[in-house]
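Student:
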Amino acid sequence: MQSPALAIARTPLVAVYGTLKRGLRNHHWLDGATFVGTDRLTTATLYDLGHCPGAKAEPSRGVEVEVYRVSTRIFTGLDRLEGYRVRAPAHGDYDRAIHATAFGPAWLYLYNHDVSGCPVIREGSWQPAD
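So for the sequence shown, full-length UniProt numbering puts the first residue at 1; every next one is plus one.
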């Protein structure tokens, strides 16, 4: 259990792969963050949950992410958006874990629920249905 302030002080980068990416519906949650770059993480697998993607900490051909430097305020908002529970991470919709990126360690939100029946996004890049 790590408070957002302590977590982001130690690792100020967040890697995003779904609705938080540029041009998508939740990108405004990153207003004020600094875009660092893009990367492909082979330490996670992306699943299509329908309305959004969910990542699991499983090896894959790669998940395309955008990496941002964020403040404690933004990180706290992301925790709220992702349903992360500081006091009980395993019971929220998403947990967060540090993954290596080309820009240094970054927080990645990982889906906490069962993905049986959810298709793997093999190309590693999720796009919303039109």
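Note that CB positions come from ideal geometry on N, CA and C, so glycine has one too. These numbers were taken from a predicted model, which means no experiment stands behind them.
1. Around the Cβ of Thr34, are there at least 16 other Cβ atoms within 10 angstroms (buried) or fewer (exposed)?
2. Tell me which residues share the same chain as Ile98 and place their Cβ nearer than 8 Å to its Cβ, disregarding the 5 neighbours each side in the sequence.
3. Look up Thr45 in the DSSP assignment and give the residues it is bridged to.
4. Label Asp31 either buried or exposed according to how many other C-beta atoms from any shown protein chain fall within 10 Å of its C-beta, with 16 as the threshold for buried.
5. Around the C-beta of Pro119, are 16 or more other C-beta atoms found within 10 angstroms, so that it is buried, or is it exposed?
6. Tell me the rounded alpha-carbon separation between Asn112 and Leu20.
7. Is it buried or exposed, Leu96, if we count other Cβ atoms within 10 angstroms and call 16 or more buried?
Tutor: Once the coordinates are examined:
1. exposed
2. Thr11, Pro105, Ala106, Trp107 and Leu108
3. Lys56
4. With fewer than 16 Cβ atoms within 10 Å of its Cβ, Asp31 is classed as exposed.
5. With fewer than 16 other Cβ atoms from the protein chains shown falling within 10 Å of its own Cβ, Pro119 counts as exposed.
6. 18 Å
7. Just to set this straight, residue 96 is Arg in the shown sequence, not Leu. Burial call: buried.
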